[in-house]
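Enquirer: Numbering (this note's numbering), first residue to last: 35 to 424. Ideal Cβ positions, reconstructed from N, Cα and C, are used throughout, including at glycine. Before anything else, here's the structure in question.
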(Lines of atoms letter the chains of each structure in order from A; the text may use other names.)
(Lines give C-alpha, C1' and ligand atoms only; values in the text may rest on other atoms or scores of the structure.)
Protein backbone atom coordinates (compact mmCIF):
# COMPACT_ATOMS: atom_id res chain seq x y z
CA UNK A 35 0.00 0.00 0.00
CA UNK A 36 1.41 3.37 -1.08
CA UNK A 37 1.02 5.61 1.96
CA UNK A 38 2.56 8.57 0.16
CA UNK A 39 -0.30 8.50 -2.32
CA UNK A 40 -2.97 7.89 0.35
CA UNK A 41 -1.85 10.41 2.98
CA UNK A 42 -0.03 13.13 1.04
CA UNK A 43 -3.11 15.38 0.77
CA UNK A 44 -4.89 14.27 3.94
CA UNK A 45 -5.71 17.02 6.43
CA UNK A 46 -8.07 15.27 8.86
CA UNK A 47 -6.26 12.32 10.46
CA UNK A 48 -9.38 11.57 12.54
CA UNK A 49 -11.19 10.18 9.51
CA UNK A 50 -12.17 6.56 10.40
CA UNK A 51 -11.70 5.44 6.79
CA UNK A 52 -7.98 6.10 7.15
CA UNK A 53 -7.69 3.66 10.03
CA UNK A 54 -9.67 1.11 8.03
CA UNK A 55 -6.92 1.28 5.42
CA UNK A 56 -4.37 0.79 8.19
CA UNK A 57 -6.17 -2.37 9.33
CA UNK A 58 -6.30 -3.66 5.75
CA UNK A 59 -2.57 -3.05 5.35
CA UNK A 60 -1.81 -4.82 8.63
CA UNK A 61 -3.95 -7.78 7.64
CA UNK A 62 -2.09 -8.00 4.32
CA UNK A 63 1.25 -8.05 6.15
CA UNK A 64 0.11 -10.73 8.62
CA UNK A 65 -1.25 -12.90 5.80
CA UNK A 66 1.87 -12.43 3.70
CA UNK A 67 4.16 -13.44 6.57
CA UNK A 68 1.99 -16.39 7.62
CA UNK A 69 1.69 -17.68 4.04
CA UNK A 70 5.45 -17.56 3.66
CA UNK A 71 6.00 -19.46 6.91
CA UNK A 72 3.45 -22.08 5.86
CA UNK A 73 5.34 -22.46 2.60
CA UNK A 74 8.55 -23.07 4.54
CA UNK A 75 6.78 -25.56 6.82
CA UNK A 76 5.59 -27.49 3.76
CA UNK A 77 9.27 -28.07 2.90
CA UNK A 78 10.29 -29.04 6.43
CA UNK A 79 10.78 -32.71 5.50
CA UNK A 80 13.55 -31.69 3.10
CA UNK A 81 15.31 -29.40 5.55
CA UNK A 82 18.27 -31.30 6.95
CA UNK A 83 21.57 -29.98 8.26
CA UNK A 84 24.15 -31.49 5.90
CA UNK A 85 27.07 -29.28 6.89
CA UNK A 86 29.35 -29.27 9.91
CA UNK A 87 28.13 -27.00 12.68
CA UNK A 88 30.27 -25.59 15.49
CA UNK A 89 28.88 -26.17 18.97
CA UNK A 90 27.57 -22.61 19.28
CA UNK A 91 25.26 -23.08 16.25
CA UNK A 92 23.40 -26.06 17.69
CA UNK A 93 21.25 -24.16 20.17
CA UNK A 94 17.51 -24.87 20.25
CA UNK A 95 16.73 -21.30 21.31
CA UNK A 96 17.12 -18.30 19.02
CA UNK A 97 15.91 -15.59 21.37
CA UNK A 98 18.45 -16.16 24.14
CA UNK A 99 22.18 -15.75 23.93
CA UNK A 100 24.52 -18.72 24.32
CA UNK A 101 25.40 -18.85 28.01
CA UNK A 102 27.89 -21.71 28.07
CA UNK A 103 31.07 -20.57 29.79
CA UNK A 104 33.30 -21.56 26.92
CA UNK A 105 36.09 -19.18 27.91
CA UNK A 106 37.29 -21.73 30.47
CA UNK A 107 37.20 -24.60 28.00
CA UNK A 108 40.06 -24.44 25.51
CA UNK A 109 38.59 -27.33 23.51
CA UNK A 110 35.55 -25.31 22.46
CA UNK A 111 35.74 -23.07 19.40
CA UNK A 112 35.34 -19.37 20.09
CA UNK A 113 32.69 -17.24 18.37
CA UNK A 114 32.89 -13.54 17.58
CA UNK A 115 31.14 -11.07 19.86
CA UNK A 116 31.88 -7.75 18.12
CA UNK A 117 29.57 -6.08 15.59
CA UNK A 118 28.96 -7.77 12.24
CA UNK A 119 31.47 -6.87 9.55
CA UNK A 120 30.63 -6.12 5.94
CA UNK A 121 32.02 -9.52 4.93
CA UNK A 122 29.70 -11.27 7.39
CA UNK A 123 26.71 -9.28 6.12
CA UNK A 124 27.50 -10.29 2.55
CA UNK A 125 27.86 -13.92 3.68
CA UNK A 126 24.35 -13.86 5.16
CA UNK A 127 22.95 -12.40 1.92
CA UNK A 128 24.77 -15.05 -0.10
CA UNK A 129 23.46 -17.82 2.17
CA UNK A 130 19.92 -16.50 1.75
CA UNK A 131 20.30 -16.42 -2.03
CA UNK A 132 21.43 -20.05 -1.92
CA UNK A 133 18.52 -20.95 0.35
CA UNK A 134 15.77 -19.53 -1.87
CA UNK A 135 17.34 -21.27 -4.87
CA UNK A 136 17.73 -24.64 -3.16
CA UNK A 137 14.24 -24.67 -1.64
CA UNK A 138 12.46 -22.78 -4.44
CA UNK A 139 10.87 -20.10 -2.26
CA UNK A 140 10.34 -16.38 -2.99
CA UNK A 141 12.79 -13.75 -1.79
CA UNK A 142 10.88 -12.75 1.35
CA UNK A 143 13.52 -12.51 4.06
CA UNK A 144 11.66 -9.59 5.63
CA UNK A 145 8.62 -11.82 6.18
CA UNK A 146 10.81 -14.39 7.90
CA UNK A 147 12.46 -11.69 10.04
CA UNK A 148 9.28 -10.01 11.27
CA UNK A 149 7.10 -13.12 11.70
CA UNK A 150 6.11 -13.77 15.32
CA UNK A 151 5.12 -17.18 16.64
CA UNK A 152 2.02 -16.28 18.62
CA UNK A 153 0.45 -19.73 18.80
CA UNK A 154 3.09 -22.19 19.93
CA UNK A 155 6.50 -21.55 21.49
CA UNK A 156 7.37 -25.24 21.80
CA UNK A 157 10.89 -25.74 20.33
CA UNK A 158 9.73 -28.92 18.60
CA UNK A 159 6.80 -27.23 16.82
CA UNK A 160 7.06 -27.05 13.01
CA UNK A 161 7.25 -23.25 13.09
CA UNK A 162 10.21 -23.24 15.47
CA UNK A 163 11.96 -26.04 13.59
CA UNK A 164 11.70 -24.02 10.39
CA UNK A 165 12.88 -20.83 12.02
CA UNK A 166 15.82 -22.65 13.59
CA UNK A 167 16.82 -24.35 10.33
CA UNK A 168 16.68 -21.16 8.27
CA UNK A 169 18.78 -19.35 10.87
CA UNK A 170 21.30 -22.21 10.88
CA UNK A 171 21.43 -22.04 7.08
CA UNK A 172 22.13 -18.32 7.20
CA UNK A 173 24.81 -18.85 9.86
CA UNK A 174 26.94 -21.07 7.61
CA UNK A 175 30.50 -19.81 7.31
CA UNK A 176 30.12 -17.40 10.24
CA UNK A 177 31.82 -17.52 13.61
CA UNK A 178 28.53 -16.50 15.23
CA UNK A 179 26.02 -18.26 17.42
CA UNK A 180 22.39 -18.72 16.42
CA UNK A 181 21.11 -15.94 18.65
CA UNK A 182 23.48 -13.41 17.08
CA UNK A 183 22.52 -14.34 13.52
CA UNK A 184 18.80 -14.35 14.24
CA UNK A 185 18.94 -10.97 16.00
CA UNK A 186 20.93 -9.53 13.10
CA UNK A 187 18.34 -10.74 10.59
CA UNK A 188 15.45 -9.37 12.67
CA UNK A 189 17.10 -5.98 13.08
CA UNK A 190 18.47 -5.43 9.58
CA UNK A 191 15.79 -7.12 7.49
CA UNK A 192 12.70 -7.04 9.71
CA UNK A 193 12.96 -3.34 10.59
CA UNK A 194 15.37 -1.88 8.02
CA UNK A 195 14.10 1.73 7.99
CA UNK A 196 16.23 4.26 9.88
CA UNK A 197 16.56 8.03 10.03
CA UNK A 198 14.18 10.94 10.42
CA UNK A 199 10.44 10.50 10.00
CA UNK A 200 8.86 11.81 6.80
CA UNK A 201 5.68 13.90 6.88
CA UNK A 202 3.67 10.90 5.68
CA UNK A 203 5.16 8.69 8.41
CA UNK A 204 4.24 11.29 11.03
CA UNK A 205 0.64 11.31 9.78
CA UNK A 206 0.50 7.52 9.96
CA UNK A 207 2.04 7.76 13.42
CA UNK A 208 -0.74 10.07 14.61
CA UNK A 209 -3.48 7.96 13.01
CA UNK A 210 -2.37 4.77 14.74
CA UNK A 211 -2.08 6.41 18.15
CA UNK A 212 -5.41 8.19 17.78
CA UNK A 213 -7.45 5.10 16.95
CA UNK A 214 -5.58 2.35 18.82
CA UNK A 215 -3.01 3.63 21.27
CA UNK A 216 -2.49 0.22 22.91
CA UNK A 217 -1.20 -1.51 19.77
CA UNK A 218 0.14 1.58 17.99
CA UNK A 219 3.85 0.83 18.43
CA UNK A 220 3.51 -2.76 17.26
CA UNK A 221 1.39 -1.72 14.27
CA UNK A 222 3.69 1.12 13.27
CA UNK A 223 6.71 -1.17 13.43
CA UNK A 224 5.06 -3.41 10.83
CA UNK A 225 3.75 -0.60 8.64
CA UNK A 226 6.90 1.52 8.65
CA UNK A 227 9.53 -1.20 8.98
CA UNK A 228 11.02 0.60 11.98
CA UNK A 229 12.37 -0.67 15.27
CA UNK A 230 9.87 -0.31 18.17
CA UNK A 231 12.50 1.43 20.30
CA UNK A 232 12.80 4.17 17.71
CA UNK A 233 9.02 4.55 17.65
CA UNK A 234 8.92 4.94 21.44
CA UNK A 235 11.62 7.59 21.17
CA UNK A 236 9.62 9.45 18.52
CA UNK A 237 6.54 9.22 20.76
CA UNK A 238 8.49 10.72 23.65
CA UNK A 239 9.63 13.62 21.47
CA UNK A 240 6.08 14.23 20.25
CA UNK A 241 4.79 14.61 23.81
CA UNK A 242 7.82 16.06 25.58
CA UNK A 243 9.57 17.76 22.70
CA UNK A 244 13.29 17.53 22.03
CA UNK A 245 15.34 18.52 25.07
CA UNK A 246 16.82 21.98 24.78
CA UNK A 247 20.53 21.97 24.02
CA UNK A 248 22.28 24.65 26.02
CA UNK A 249 25.52 26.08 24.77
CA UNK A 250 28.39 25.40 27.14
CA UNK A 251 31.86 26.83 26.73
CA UNK A 252 34.37 24.74 28.61
CA UNK A 253 36.90 26.69 30.66
CA UNK A 254 39.44 25.48 33.22
CA UNK A 255 37.28 26.56 36.19
CA UNK A 256 34.22 24.86 34.67
CA UNK A 257 36.17 21.68 33.88
CA UNK A 258 37.54 21.73 37.44
CA UNK A 259 34.03 22.04 38.84
CA UNK A 260 32.87 19.11 36.70
CA UNK A 261 35.80 16.91 37.73
CA UNK A 262 35.37 17.64 41.44
CA UNK A 263 31.66 16.89 41.25
CA UNK A 264 32.34 13.66 39.35
CA UNK A 265 34.75 12.50 42.05
CA UNK A 266 32.29 13.52 44.75
CA UNK A 267 29.24 11.75 43.29
CA UNK A 268 31.14 8.62 42.22
CA UNK A 269 33.18 8.51 45.46
CA UNK A 270 36.31 7.76 43.43
CA UNK A 271 39.80 9.19 43.44
CA UNK A 272 41.17 10.79 40.28
CA UNK A 273 43.10 7.67 39.27
CA UNK A 274 40.04 5.47 39.80
CA UNK A 275 38.08 7.58 37.31
CA UNK A 276 40.31 6.36 34.47
CA UNK A 277 38.61 2.96 34.17
CA UNK A 278 35.35 3.72 35.95
CA UNK A 279 31.95 3.17 34.36
CA UNK A 280 29.44 5.41 36.05
CA UNK A 281 25.83 4.61 36.88
CA UNK A 282 23.19 6.79 35.31
CA UNK A 283 22.37 8.13 38.77
CA UNK A 284 25.82 9.77 38.87
CA UNK A 285 25.23 11.51 35.55
CA UNK A 286 21.80 12.70 36.63
CA UNK A 287 23.33 14.32 39.72
CA UNK A 288 25.88 16.02 37.49
CA UNK A 289 23.09 17.15 35.19
CA UNK A 290 21.42 18.86 38.12
CA UNK A 291 24.61 20.44 39.45
CA UNK A 292 25.92 21.59 36.05
CA UNK A 293 22.51 22.58 34.61
CA UNK A 294 23.32 20.66 31.42
CA UNK A 295 21.98 17.49 29.81
CA UNK A 296 23.80 14.46 31.16
CA UNK A 297 24.24 13.05 27.63
CA UNK A 298 26.26 16.12 26.70
CA UNK A 299 28.34 15.82 29.88
CA UNK A 300 29.03 12.15 29.10
CA UNK A 301 30.27 13.02 25.63
CA UNK A 302 32.42 15.85 26.94
CA UNK A 303 34.04 13.48 29.45
CA UNK A 304 34.80 10.58 27.13
CA UNK A 305 35.44 12.62 23.97
CA UNK A 306 37.82 15.15 25.49
CA UNK A 307 38.32 15.72 29.22
CA UNK A 308 39.18 12.09 30.07
CA UNK A 309 41.96 12.08 27.48
CA UNK A 310 43.22 15.54 28.42
CA UNK A 311 43.64 14.45 32.04
CA UNK A 312 44.97 10.90 31.73
CA UNK A 313 47.22 11.07 28.63
CA UNK A 314 50.58 12.19 29.97
CA UNK A 315 52.44 13.19 26.79
CA UNK A 316 52.53 15.72 23.99
CA UNK A 317 50.03 14.71 21.32
CA UNK A 318 49.77 16.30 17.89
CA UNK A 319 46.35 15.57 16.41
CA UNK A 320 47.47 15.07 12.80
CA UNK A 321 50.23 12.70 13.89
CA UNK A 322 47.58 10.80 15.85
CA UNK A 323 45.37 10.60 12.76
CA UNK A 324 48.22 9.28 10.62
CA UNK A 325 48.85 6.54 13.16
CA UNK A 326 45.17 5.55 12.97
CA UNK A 327 45.50 5.37 9.18
CA UNK A 328 48.50 3.04 9.45
CA UNK A 329 46.66 0.80 11.90
CA UNK A 330 43.57 0.61 9.70
CA UNK A 331 45.63 -0.13 6.57
CA UNK A 332 47.15 -3.14 8.33
CA UNK A 333 43.77 -4.32 9.64
CA UNK A 334 41.34 -6.80 8.02
CA UNK A 335 38.62 -4.13 7.85
CA UNK A 336 37.14 -3.70 4.36
CA UNK A 337 34.66 -0.85 4.82
CA UNK A 338 34.13 1.89 7.37
CA UNK A 339 31.37 0.06 9.26
CA UNK A 340 33.75 -2.83 9.97
CA UNK A 341 35.97 -0.73 12.22
CA UNK A 342 35.86 -1.66 15.90
CA UNK A 343 37.06 1.54 17.53
CA UNK A 344 37.38 -0.04 20.96
CA UNK A 345 40.10 -2.33 19.59
CA UNK A 346 42.08 0.65 18.32
CA UNK A 347 42.77 1.88 21.85
CA UNK A 348 45.12 -1.10 22.31
CA UNK A 349 47.57 0.63 19.95
CA UNK A 350 47.66 3.86 21.96
CA UNK A 351 49.00 4.86 25.38
CA UNK A 352 46.90 4.50 28.49
CA UNK A 353 44.22 7.16 28.82
CA UNK A 354 42.91 7.32 25.26
CA UNK A 355 39.24 6.51 24.70
CA UNK A 356 37.76 5.01 21.56
CA UNK A 357 35.26 7.87 21.30
CA UNK A 358 38.11 10.41 21.29
CA UNK A 359 39.85 8.55 18.46
CA UNK A 360 36.60 8.24 16.53
CA UNK A 361 35.61 11.89 16.94
CA UNK A 362 38.99 13.32 15.96
CA UNK A 363 39.27 11.04 12.94
CA UNK A 364 35.76 11.20 11.50
CA UNK A 365 35.57 14.99 11.72
CA UNK A 366 37.62 15.00 8.49
CA UNK A 367 34.75 13.25 6.71
CA UNK A 368 32.25 16.06 7.24
CA UNK A 369 30.56 16.73 3.90
CA UNK A 370 31.56 13.38 2.40
CA UNK A 371 28.33 11.40 2.18
CA UNK A 372 29.45 8.23 0.41
CA UNK A 373 32.28 7.07 2.67
CA UNK A 374 30.18 4.30 4.27
CA UNK A 375 29.85 2.52 0.91
CA UNK A 376 33.38 3.04 -0.37
CA UNK A 377 36.28 0.62 0.18
CA UNK A 378 38.17 1.55 3.33
CA UNK A 379 41.55 2.18 1.58
CA UNK A 380 39.89 4.80 -0.62
CA UNK A 381 38.39 6.55 2.41
CA UNK A 382 41.77 6.50 4.17
CA UNK A 383 43.43 8.07 1.10
CA UNK A 384 40.85 10.85 1.24
CA UNK A 385 41.51 11.48 4.93
CA UNK A 386 45.28 11.43 4.44
CA UNK A 387 44.98 14.02 1.68
CA UNK A 388 42.96 16.29 3.97
CA UNK A 389 45.55 15.90 6.73
CA UNK A 390 48.43 16.77 4.41
CA UNK A 391 46.68 19.85 3.03
CA UNK A 392 45.75 21.28 6.42
CA UNK A 393 47.78 24.23 7.62
CA UNK A 394 47.30 23.73 11.33
CA UNK A 395 48.48 20.75 13.33
CA UNK A 396 46.77 21.22 16.68
CA UNK A 397 48.07 19.84 19.95
CA UNK A 398 45.99 18.06 22.54
CA UNK A 399 45.54 20.42 25.47
CA UNK A 400 46.63 18.08 28.25
CA UNK A 401 45.77 18.92 31.85
CA UNK A 402 47.12 18.16 35.30
CA UNK A 403 45.17 18.13 38.56
CA UNK A 404 46.96 19.92 41.39
CA UNK A 405 45.52 21.04 44.73
CA UNK A 406 41.95 20.60 43.62
CA UNK A 407 42.36 22.51 40.35
CA UNK A 408 43.02 21.63 36.73
CA UNK A 409 46.00 23.33 35.11
CA UNK A 410 47.15 23.37 31.51
CA UNK A 411 50.40 21.55 30.69
CA UNK A 412 52.60 23.52 28.31
CA UNK A 413 54.83 21.68 25.83
CA UNK A 414 57.62 23.52 24.04
CA UNK A 415 57.98 22.81 20.34
CA UNK A 416 61.66 21.94 20.54
CA UNK A 417 61.61 19.77 23.67
CA UNK A 418 64.07 16.94 23.12
CA UNK A 419 62.03 14.46 25.12
CA UNK A 420 58.83 15.18 23.25
CA UNK A 421 56.76 12.01 23.15
CA UNK A 422 56.00 10.58 19.74
CA UNK A 423 52.78 8.97 18.66
CA UNK A 424 54.42 6.88 15.98
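Between the alpha carbons of residue 292 and residue 238, how many angstroms are there, rounded?
Expert: Roughly 24 angstroms separates the two Cα atoms.
Enquirer: What three-state label does DSSP hand residue 275 in the structure shown?
Expert: Helix.
Enquirer: So residue 16 and residue 236 are in contact, right, with Cβ under 8 angstroms, and what is the actual spacing, rounded?
Expert: There is no way to answer for residue 16, as the model of the chain reaches only from 35 to 424.
Enquirer: In three-state terms, what does DSSP make of residue 377?
Expert: Residue state, collapsed to three classes: strand.
Enquirer: In whole angstroms, what is the alpha-carbon distance linking residue 269 and residue 99?
Expert: Their Cα atoms are separated by approximately 34 angstroms.
Enquirer: Can you tell me the Cα-Cα spacing of residue 161 and residue 213, whole angstroms?
Expert: Rounded to whole angstroms, residue 161 to residue 213 spans 32 angstroms at the Cα level.
Enquirer: Determine, using beta carbons only, whether residue 357 and residue 305 come nearer to each other than 9 angstroms.
Expert: Cβ atoms of residue 357 and residue 305: closer than 9 angstroms.
Enquirer: Can you tell me whether residue 143 is buried or exposed? The criterion is at least 16 other CB atoms within 10 Å of its CB, across all chains shown.
Expert: Result: buried.
Enquirer: Would a C-beta distance cut-off of 9 angstroms place residue 186 and residue 133 closer than the cut-off?
Expert: Not closer than 9 angstroms, so no.
Enquirer: For residue 406, count the other beta carbons within 10 Å of its own beta carbon; 16 or more makes it buried, fewer makes it exposed. Which is it?
Expert: It is exposed - the Cβ of residue 406 has fewer than 16 other Cβ atoms within 10 Å.
Enquirer: Between residue 256 and residue 265, is the Cβ-Cβ spacing less than 9 angstroms?
Expert: Contact flag unset, no.
Enquirer: Roughly how many angstroms separate the alpha carbons of residue 443 and residue 140, rounded to a whole number?
Expert: Beyond the ends of the chain as shown, which are 35 and 424, falls residue 443; an answer cannot be given.
Enquirer: Under a Cβ-count criterion, where at least 16 other Cβ atoms within 10 Å of its own Cβ denotes burial, should residue 297 be classed as buried or exposed?
Expert: Exposed.
Enquirer: With DSSP as the reference, identify every bridge partner of residue 392, one or two as the case may be.
Expert: Partner(s): none; residue 392 has no beta bridge.
Enquirer: Using a Cβ-Cβ distance cut-off of 9 angstroms, determine whether residue 148 contacts chain B.
Expert: Annotation note: the requested chain B is absent from the structure, which comprises a single protein chain.
Enquirer: Who are the Cβ neighbours of residue 48 in its own chain at under 7 angstroms, not counting the five residues just before and after it?
Expert: Once the five neighbours on either side are set aside, the close Cβ partners of residue 48 are 212.
Enquirer: Which of helix, strand or coil does DSSP assign to residue 64?
Expert: Residue 64: helix per DSSP, three-state reduction.
Enquirer: When you compare only the Cα positions, how much space is there between residue 58 and residue 248?
Expert: Their Cα atoms are separated by approximately 45 angstroms.
Enquirer: Residue range of the alpha helix (DSSP H) that residue 262 falls in?
Expert: First-last of the alpha helix (DSSP H) with residue 262: 254 to 268.
Enquirer: Measure how close the beta-carbons of residue 260 and residue 313 come, nearest whole angstrom, since I'm counting them as under 8 angstroms.
Expert: Not confirmed; about 18 angstroms, so no contact.
Enquirer: Would DSSP call residue 412 helix, strand or coil?
Expert: DSSP places residue 412 in coil when its eight states are reduced to three.
Enquirer: Please say whether residue 285 and residue 299 have beta carbons closer to each other than 9 angstroms?
Expert: In contact: residue 299 and residue 285 (Cβ atoms closer than 9 angstroms).
Enquirer: Distance check for residue 39 and residue 303, CA to CA, integer angstroms please.
Expert: Their Cα atoms are separated by approximately 47 angstroms.
Enquirer: Can the beta-carbon of residue 91 be found closer than 9 angstroms to that of residue 179?
Expert: Yes, they are a contact pair.
Enquirer: Is the beta carbon of residue 131 sitting closer than 9 angstroms to the one on residue 192?
Expert: Their beta carbons are not under 9 angstroms apart, which means residue 131 does not touch residue 192 by this criterion.
Enquirer: Could you tell me if residue 181 is buried or exposed, where buried requires 16 or more neighbouring beta carbons within 10 angstroms of its beta carbon?
Expert: Under this definition residue 181 is a buried residue.
Enquirer: Can the beta-carbon of residue 149 be found closer than 9 angstroms to that of residue 165?
Expert: Yes, these two residues count as a Cβ contact at 9 angstroms.
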